[in-house]
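Participant: Per this note's numbering, residue 66 is the first one in the sequence shown, and the count goes up by one each step.
The beta-carbon is built from N, C-alpha and C at its ideal position, and this holds for glycine as well.
Nothing here was measured: the structure is a model prediction, and the numbers come from that model.
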Amino acid sequence: MIFKAVGEGRPYPEHNLSSRDWANVPPRQVRLDQLITTKAGLDLNSLLAEDSTFYGDLFPHVVQWRGQLYLEDGLHRALRAALQQRVILHARVLDLDVVDVSPPPPPRSGPSPT
66 MIFKAVGEGR PYPEHNLSSR DWANVPPRQV RLDQLITTKA GLDLNSLLAE
116 DSTFYGDLFP HVVQWRGQLY LEDGLHRALR AALQQRVILH ARVLDLDVVD
166 VSPPPPPRSG PSPT
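(1) Check whether the Cβ atoms of R75 and F124 lie closer than 9 Å to each other.
(2) Unbroken alpha helix (DSSP H) runs of length 4 or more, entirely within the segment 79-110: which are they?
(3) With the cut-off set at 9 Å, would you say D108 and F68 are in Cβ contact?
(4) So what does Y135 bridge to, in DSSP terms?
(5) Should A70 go down as buried or exposed, given a rule of 16 or more other Cβ atoms within 10 Å for buried?
(6) With distances taken Cα to Cα, identify the nearest neighbour of N110 among V127, V90, H141.
(7) Give the straight-line distance between the Cα atoms of P92 and H155, rounded to the nearest whole angstrom.
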């Protein structure tokens, strides 16, 4: 088995990280067999393209939530690693278990303080 599970969709809350924000998350090693994918399908053109990372991040994006690791972006990179008999992948891991992603409280109603 390559991945822990094949999922469809993102079960974790929205984190609103931009590409620039992701670039500030340091890469770390992640085992492929601990990842849960967020896409069930893959475009073979992306997998086979030699320049598939030319315009994107070199590292896959992984979100840790409730102790699980979800592969948000970089499925083709992870599969390439597996095809090369590698069990470890360097990825940027956003840990939502320690980051507060709850929405801001609604504005208070009533008279404004003077």
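Facilitator: Answer, in terms of the structure:
(1) Locating residue 75 in the sequence shown gives position 10, counting from the first residue. Locating residue 124 in the sequence shown gives position 59, counting from the first residue. Contact: no.
(2) Those alpha helix (DSSP H) runs which fall completely within the segment 79-110 and span 4+ residues are 84-88.
(3) Here residue 108 refers to the residue found at position 43 of the sequence shown. Here residue 68 refers to the residue found at position 3 of the sequence shown. Result no, Cβ atoms of D108 and F68 do not sit closer than 9 Å.
(4) Looking up residue 135 in the sequence shown gives position 70. Beta-bridge pairing links Y135 to I101, V128.
(5) Translated into the one-based positions of the sequence shown, residue 70 becomes position 5. Exposed, since its Cβ has fewer than 16 Cβ neighbours within 10 Å.
(6) Position 45 of the sequence shown, counted from the first residue, corresponds to residue 110. When V127, V90, H141 are compared, the shortest CA-CA separation from N110 is found for H141.
(7) By 1-based counting over the sequence shown, the position of residue 92 is 27. By 1-based counting over the sequence shown, the position of residue 155 is 90. Whole-angstrom Cα-Cα distance: 6 Å.
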